[in-house]
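Residue numbers (my numbering): 33 to 304.
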């Protein structure tokens, strides 16, 4: 027999080896083709899962971007300076730049009633310091608490509203009291005993607003569950005299809040 020039063995043996090699190659390719559909399905499922996760993450970021941005580190706050009230001012500028008669008379700036929520456990560590500092700049400052305390100059005892879950009752009692005194102020700010307020800057911000229109202003946030906008109670929100009248007459005394709203324990969300 001839020798195979390629493999150096007899021709028949060489042919057999070539056929065996060819057969093994075909079998290997068939195994690959059998596995490929499984790999494709797995890859497709993983790709779909990744797309769904990215979509959900995008929705969360869009919905709660205000809260997420609040978690980011911030630089130092700019220096705050009190704005001097000009009691001899005879006119103020409206939003369009035109001058109009001063609606606040001789005072020249809005009268601010400050309703400050506190509790007996925070009278000494918080409330007395508020009473000694920025509260003195309010036209009148009233501390809403469940127990009177001689260390606080002016308090309104809110009966039946001692716990944090009853904050809505405490605040509405405060606005009921403010409604009776509504001719003594132009705007009411509700805030807490751990807030610091520059009253003069608030007066300057409210100068172009009419107190008898139903107006509310403050820091806008959104609820976690529904995304509804509300004014943050910790930072403090401000109601005009017209808004206080509408809140008490229609919302509280006519029970429109109770009839038409699902009131919860979050006082600022209820107020919105």
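We treat Cβ as the ideally placed atom computed from N, Cα and C, and that holds for glycine.
Cβ neighbour criterion (16 or more within 10 Å) applied to residue i
i	result
residue 34	Low local confidence applies: a pLDDT of 46 at residue 34 is under 50, so the model's placement there is unreliable, with the coordinate-based value given in what follows. Exposed, since its Cβ has fewer than 16 Cβ neighbours within 10 Å.
residue 119	In this prediction, residue 119 scores a pLDDT of 43, lower than 50, which makes its location untrustworthy; no coordinate-derived value is stated.
residue 148	buried
residue 283	buried
residue 183	exposed
residue 151	buried
residue 265	buried
residue 81	exposed
residue 238	buried
Distance, residue j Cα to residue i Cα
i	j	result
residue 287	residue 203	16 Å
residue 253	residue 267	11 Å
residue 161	residue 229	12 Å
residue 187	residue 153	15 Å
residue 189	residue 176	6 Å
residue 233	residue 77	58 Å
residue 83	residue 90	11 Å
residue 250	residue 102	17 Å
residue 75	residue 85	15 Å
residue 178	residue 195	9 Å
residue 246	residue 156	36 Å
residue 235	residue 185	23 Å
residue 281	residue 79	58 Å
residue 255	residue 92	13 Å
residue 88	residue 140	53 Å
residue 211	residue 107	41 Å
residue 174	residue 165	14 Å
residue 279	residue 100	33 Å
residue 216	residue 94	44 Å
residue 114	residue 241	20 Å
Beta-carbon proximity of residue i to residue j, cut-off 8 Å
i	j	result
residue 158	residue 225	yes
residue 220	residue 169	no
residue 218	residue 142	yes
residue 275	residue 263	no
residue 163	residue 146	no
residue 192	residue 201	yes
residue 214	residue 285	no
residue 299	residue 199	yes
Per-residue DSSP class, three states only, for residue i
i	result
residue 79	helix
residue 100	helix
residue 146	strand
residue 272	strand
residue 223	strand
residue 252	strand
residue 172	strand
residue 183	coil
residue 177	strand
residue 207	helix
residue 165	coil
residue 239	coil
residue 190	coil
residue 263	strand
residue 108	coil
residue 88	helix
residue 246	coil
residue 72	helix
residue 155	helix
residue 114	coil
residue 229	coil
residue 283	helix
residue 160	helix
residue 201	helix
residue 215	helix
Min CB distance residue i to chain B below 8 Å
i	result
residue 167	Annotation note: the requested chain B is absent from the structure, which comprises a single protein chain.
Residue i CB to nearest heavy atom of the ligand NAP below 7 Å
i	result
residue 284	The model on display carries no ligand, and the ligand NAP is accordingly not part of it.
- Message: Using 8 Å as the cut-off, can you tell me whether the stretch 205 to 224 makes contact with the stretch 271 to 285, which would need three or more C-beta pairs spanning the two stretches below that distance?
- Response: yes
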